[in-house]
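Following: one structure in structure tokens, then a few remarks.
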Amino acid sequence: MILNATPEEGLEAQIRAKLIDSGWTADKVSATESASKDFATTTVYYVDDADELAAIGLANLIGGADVQKSDFYASMNETGGKQLTVVIGLDRSSSAPATTEETPAP
Numbered sequence: 001m002i003l004n005a006t007p008e009e010g011l012e013a014q015i016r017a018k019l020i021d022s023g024w025t026a027d028k029v030s031a032t033e034s035a036s037k038d039f040a041t042t043t044v045y046y047v048d049d050a051d052e053l054a055a056i057g058l059a060n061l062i063g064g065a066d067v068q069k070s071d072f073y074a075s076m077n078e079t080g081g082k083q084l085t086v087v088i089g090l091d092r093s094s095s096a097p098a099t100t101e102e103t104p105a106p
């Protein structure tokens, strides 16, 4: 599952196409807009420890992304099979607000 959590339209379709071009079957790759439009860093989420290496491979395939274990998106899995979730962040968006060096650190 690919979720575009940026204000830039079409990023989820681009990543979906990249996965399909790399051999993933189209019926196994879903892509949609996220309700959130300000997710900071593109991240691949996995649920089971056994899927960590697959998540790392997917992160590398899409050009690098953080990888985290989380069951937050597990309820969106309608098939009951294994699921990796890519949340596209502002780090991939050309329309992301620019940051300046004058911005104070948290």
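Residue numbering for the sequence shown follows the working numbering, beginning at 1 and increasing consecutively.
Positions of the beta carbon are idealized from the N, C-alpha and C atoms, including for glycine.
### Task
Give me the Cα-Cα distance between K82 and T42, rounded to the nearest whole angstrom.
20 Å
### Task
Check each candidate in D71, S36, M1, G64 and name the one with the smallest Cα separation from W24.
M1
#### Entry: Neighbour-count burial assignment, S94, 16 or more Cβ in a 10 Å radius
With fewer than 16 other CB atoms across the displayed protein chains lying within 10 angstroms of its CB, S94 is exposed.
### Query
With a cut-off of 8 Å, does the C-beta of D38 fall near any C-beta of chain C?
Structure shown: chain C not included; a single protein chain is present.
### Task
Taking 8 Å as the cut-off, decide whether the C-beta atoms of Q68 and Y45 are in contact.
Between Q68 and Y45, the CB-CB gap stays under 8 Å.
### Span of the alpha helix (DSSP H) around L58
52-61
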